[in-house]
């Protein structure tokens, strides 16, 4: 049934309880972030990883272009 009112709708606010992070979720997110950092470090340390200068040469651009991009 429609509400006949000239009053604006009241905003619906989230309860404080809904803003409390789930400890299990936070633990899982922390673990995922740590794993991501380790994986990124491994990729960057790989001998197949190109330096910015070598990557620029491969692309036919300057190193500044690679670093700004």
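Residue numbers (the working numbering): 809 to 877.
Backbone N, C-alpha and C define an ideal beta-carbon position, used for all residues, glycine too.
What you are looking at is a predicted structure, and each value in this text was computed from that prediction instead of being measured.
Rounded straight-line distance, which links the Cα of residue 828 to that of residue 870: Working through the chain shown from its first residue, we reach residue 870 at position 62. Working through the chain shown from its first residue, we reach residue 828 at position 20. If I take the Cα positions, the gap works out to 49 angstroms.
Three-state class that DSSP yields for residue 859 in the structure shown: Residue numbering aside, residue 859 sits at position 51 when the chain shown is read from its first letter. Looking at residue 859 - three-state DSSP - the assignment turns out to be coil, as it is neither helix nor strand.
Spatial distance of residue 836 from residue 852 (CA atoms): Stepping through the chain shown from its first residue, residue 836 is reached at position 28. Stepping through the chain shown from its first residue, residue 852 is reached at position 44. Near 24 angstroms, if we compare the C-alpha coordinates of residue 852 and residue 836.
Between the CA atoms of residue 859 and residue 833 - distance to the nearest angstrom: The sequence position of residue 833 within the chain shown is 25, counting from 1. The sequence position of residue 859 within the chain shown is 51, counting from 1. One C-alpha to the other measures close to 37 angstroms.
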